[in-house]
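Visitor:
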Amino acid sequence: MRSTMGLSWKWTALFSLLGAILCLIGPALAVKEHEFKKCHQAGFCNRNRALADLAASQSSTWVSPYKAVFESPSLEDGKIQGVILKTINAAGDTVRLPVTISFLESGVARLTIDEERRQNKDIELRHGSAARKERYNEAANWSVVGGLEPALKAEIVHQDDSQINVKYGPEGNFEAVIRLSPFRIDFRRDGVSHIELNERGLLNVEHWRPKVERPEGEENTEEDESTWWDETFNGHTDTKPRGPESVALDISFHGYEHVYGIPEHTGPLSLKETRGGEGNYAEPYRMYNADVFEYILDSPMTLYGSIPFMQAHRKDSSVGLLWLNAADTWVDITKVKGSTNPLSLTSGAPKNTQTHWISESGIIDLFVFLGPTPQDITKKYGELTGTTAMPQEFALGYHQCRWNYFSEDDVKDVDRRFDKAHIPYDVIWLDIEYTDEIKYFTWDPHSFTDPITMGKQLDSHGRKLVTIIDPHIKRVDNYPINEQLLALDLAIHDKDGKAYEGSCWPGNSNWIDCFNPKAREWWKGLYKYDQFKGTMENTFIWNDMNEPSVFEGPETTMPKDNLHWDNWEHRDVHNLNGMTYHHSTFEALKSRKKGEYRRPFVLTRAFFSGSQRFGAMWTGDNLADWGHLQTSVTMLINQGISGFPFSGADVAGFFGDPEKDLLARWYQTAAFYPFFRAHAHIDTRRREPYLLGEPYTAIVTAALRLRYSLLPAWYTAFFHANRDGSPILRPMFWTHPSAEGGLAIDDQFFLASTGLLVKPVAEKDKYSADIWIPDDEVYYEYDTYNVAKTEQGKHVTFDAPIDRIPILMRGGHIIPRRDIPRRSSSLMRFDPYTLVVSVSKDGQAEGELYVDDGDSYEYQDGQYIHRQFSLKDDVLSSVDAEGRDTRKIKPGKWLKAMQNVHIDKIIIVGAPASWDREAVQIESDGRAWAAQVVYHAADKDRAAFATVTHVKARVGDDWSIKLA
Ligand code: NOJ
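Okay, here's the thing in structure tokens:
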């Protein structure tokens, strides 16, 4: 259900009303599945699946026609180079596929396979195409930012006519067994096979061949050419100037039943099988960024973004891979009993997961991670593709959006009403209607006449504005942005080399080509405060529709034979497109004003491996129903373990009007989304929290206050995501890799390392929730301090009345909070802290606080506070987490101000009776003083707890408290 385009707000309001009426009587919303290809409708997917079927049908006799040749193999700079010969006919003719296997210092191995003839541009393009002749080999230039140092210690430990064994890895316990004929690689850790390439012989590099024109009626009798050349889908013809060129490979995970990753999809975290059968999908998971609004649940259909990264886990072992290819990609998954590999430990074990990766074009560029822990995988993936940018602190607060706030008065009114209702929020958003007829970088001349005054009102209580800027540029006269785009030739081209025209919100449009360095430079200029007039320091940006979405285009996107800068076909770079746009906006925000050095905030809808470096993503146009609430949790967990944790979903569903219970449950859940934004379609009823009526306004306010009080813990979580890529919503397999029962659990999560275990309630009329308990530690209920009656490895039921979802505190953690309710996060910047200590079974706890100015890059010069709190032997203490001598750091303005910020209160849950006293001594920097203690003995289910008040310990200083 698209909506009105570029109409004045009055018309839009009228349409809203009509829309709302239609919604009541209209059909149920669901994606138009027929607008998107199934595997059999994409020639290359169909061909590779057919090959897999053929191989399976001939299982014992099938031989992969690929043979590797390494002339006097040696490792130079951690690399072995050679050629794979693909036998292409019965006569034994071969094509040459250059192959490189690299071993990296980090313990990651990389395999690239290209095609010599195309590398040499020794092919002919059809239809007079100007496209590049080579296979696309630049995805790594966009996605990979580090971790490529060669493993100089890697060594060939064995070689003969049939195989080469290379030992590598940080502890020398990894081994790649490269079999030459047929070409296969077996990756082993400690002598055990974990990942095997081409085990099933499905490696396929469709080599170049000329199209032979045959007289009508005559067909190629040797090969089925029917899907090699021009392909038509839903009336759109793809001219495929390079003919068939797909790459595919089977990758087996020996002994692994669970694989995760390859977002963005709506199915379970533990990915399903895709070759049919009960409970399985019949289609492969697809990654082809597309505007799949009203998307369906439990489906392998593609969505808005793609991360071709997969992780496999079994008890105590994680491995992973990155298939770095930005073209249309499909992944089949099957699980089989036992192992065909004698070196796998799992011959008798339940299952192995076999995957089959199929991309339409480009090279094979594959990274293999051998773990062994989930943390290792996350870290190595982060080293390669980068980690979450340190966010603007406000971005972790609550964002209020809808399509649309229609005027400055509307914005100011919403802002005032939040304050009146004492509801915190940080950011208000403007969707496309703020522009003058959807011309980006302009304001509607009637309803947004003075955006600066509006921006200043927001700023007066620390609030921000986000405006949307999409990549389609309206094709009209007297719009300088469009004129410049065309005059400077910065748009994506059609197959004939002209600026590509298509339609999106503004009607007829062109698209900026951010692969073009000149376009990126030009884009930067457009955001300068004196260019994008009406914006100011508290304006930030939302990038939507960057898959790119083209309303009448094939599969609502661009023709694959469109051309980008340097004449790469859109086919090759499609999944990267959104990231290049997001990246350009990120860079633009960094250069809005000379000398201004602040962190950008940019939200994106389309993404790829590496997008995490540029801001946040959200899951697009979901529906206001219970299933979407549930699925959002799984999707965000999956984003986190796939390197892109700064993620959210529209609260409380984009399409439709949520019933109030759903809305309440959604806010309670979203208080734990890393990116927490309410958003709604233009045809929905207003649903700002203050409009809900009681008890709902109070319930939503409580959820928001919970979020705000935990912001110090959230910011610390983002700090870690930034340092090592660690997820923020952590699934059980990640936190408890030995706990077998948790490997498929995807409806509960730990919030980073806080020990908070959260179970959203996503079912109507459900007032209890079952939490799976991963260990035998003590758990306390967050709001009552009741000791949970848990049992390791079992589900335990908790009450969940409509005003709360169960949140448990795992024993052994210390959580930093700020408890004074305020209107926005920036008004809390210098508030005192509370520490909540949940004492473990053995009387210990640990926690962390990271804080900086939340806005600039001065943290890179040491302008931050990073504390490690610990409770041990009855002493609670705080030291610098990095062992720095903080007195040596020259404090800037912010750090100086923080010298007056204290830890004010400490709540110790599970405090033993020996701590029952009225005062404790605090020691810091050679001084000592007393703080008051109130001790509450255990009472029925409630744990004993102690509250220490007037602590007055400076947050940045070392201190300790003897509790007994
Ligand atoms: C599609 C986006 O997904 C949605 O969030 C937005 O409101 C509309 N485009 C209009 O800009």
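Counted the way the working numbering counts, the sequence shown spans residues 5 to 968.
C-beta: ideal position from N, C-alpha, C; glycine also.
1) Return the chain-ordered list of same chain residues with a C-beta closer than 8 Å to the C-beta of F555, the five sequence neighbours on each side being excluded.
2) If you reduce the DSSP assignment to three classes, tell me which class C508 lands in.
3) What are the start and end residues of the alpha helix (DSSP H) that includes D665?
4) How should E600 be labelled, buried or exposed, when 16 other C-beta atoms within 10 angstroms of its C-beta is the threshold for buried?
5) Please name the residue in H240, F297 and H44 whose C-alpha comes closest to that of L627.
6) Quick check: is any heavy atom of the ligand NOJ less than 6 Å from the C-beta of W433?
7) Which runs of the alpha helix (DSSP H), 4 residues or longer, sit entirely within the region 679-762?
8) Tell me the rounded alpha-carbon separation between T720 and S613.
9) Which residue's Cα is closest to the Cα of L152: A134, E142 and R114?
10) In three-state DSSP terms, what is T951?
11) Cα-Cα, which of T539, E210 and R669 is closest to C49?
12) Short check: CB of W433 to CB of C405, under 7 Å?
13) Looking at the structure shown, is C27 part of a helix, part of a strand, or coil, going by DSSP?
14) Using a Cβ-Cβ cut-off of 7 Å (strictly less than) and excluding sequence neighbours within five positions of L714, which residues of its own chain qualify?
15) Would you kindly report the start and end of the unbroken alpha helix (DSSP H) that includes L974?
16) Flag this pair as yes or no: are the beta carbons of K597 and P604 separated by less than 7 Å?
17) Would you mind sorting V879 into buried or exposed? The rule is 16 or more other CB atoms within 10 Å of its CB.
18) Does the Cβ of W963 have 16 or more other Cβ atoms within 10 Å, making it buried, or fewer, making it exposed?
19) My assumption, with CB atoms under 8 Å, is that Y299 sits in contact with M291. Please give the rounded CB distance.
20) Would E412 and F452 be called neighbours here (beta carbons separated by less than 7 Å)?
21) Is it right to say A950 is buried, meaning 16 or more other beta carbons lie within 10 angstroms of its own, or is it exposed?
22) Is D548 near the ligand NOJ, in the sense that its beta carbon is under 6 Å from a heavy atom of that ligand?
23) Just to confirm the assignment: which complete beta strand (DSSP E) runs, minimum length 3, are found wholly within the region 768-854?
24) Would you identify the three-state DSSP class for M562, choosing helix, strand or coil?
25) Where does W572 fall in DSSP's three states?
26) Find the nearest neighbour of L253 within the set S68, A915 and N238, judged by alpha-carbon distance.
27) Work out the CA separation of D780 and I965 for me, nearest whole Å.
28) Is it the case that the CB of I189 approaches a heavy atom of the ligand NOJ more closely than 6 Å?
29) What residue range does the alpha helix (DSSP H) around Q379 cover?
30) Going by the beta-carbon positions, is the gap between I477 and N514 smaller than 7 Å?
31) Can you round the beta-carbon distance between G759 and S842 to whole angstroms, since I take them to be within the 8 Å contact cut?
32) With DSSP as the reference, please indicate the residues paired to T241 in a beta bridge.
33) Let's test the definition: count the other Cβ atoms within 10 Å of the Cβ of N486 and tell me whether it reaches 16, buried, or not, exposed.
34) Hey, is W407 close to the ligand NOJ, as in C-beta under 6 Å from one of its heavy atoms?
35) May I ask you to report which of helix, strand or coil DSSP gives T116?
36) Using only alpha-carbon positions, find the residue among Y402, K276 and L201 that is nearest to I368.
Guide: Considering the structure as presented:
1) R6, G506, S507 and C508
2) strand
3) K664 to A674
4) exposed
5) F297
6) no
7) 700-713, 715-728 and 736-739
8) 23 Å
9) R114
10) strand
11) E210
12) yes
13) The predicted position of C27 is uncertain, since its pLDDT is 41 and thus under 50; no value can be drawn from it.
14) R821
15) Residue 974 lies beyond the residue range present for the chain, which begins at 5 and ends at 968; the question has no answer from this structure.
16) no
17) exposed
18) buried
19) Not really, about 14 Å apart at Cβ, beyond 8 Å.
20) yes
21) buried
22) yes
23) 772-776, 783-785, 799-803, 811-814, 817-821 and 837-842
24) coil
25) coil
26) S68
27) 28 Å
28) no
29) P378 to T389
30) yes
31) 6 Å
32) T236
33) buried
34) yes
35) strand
36) L201
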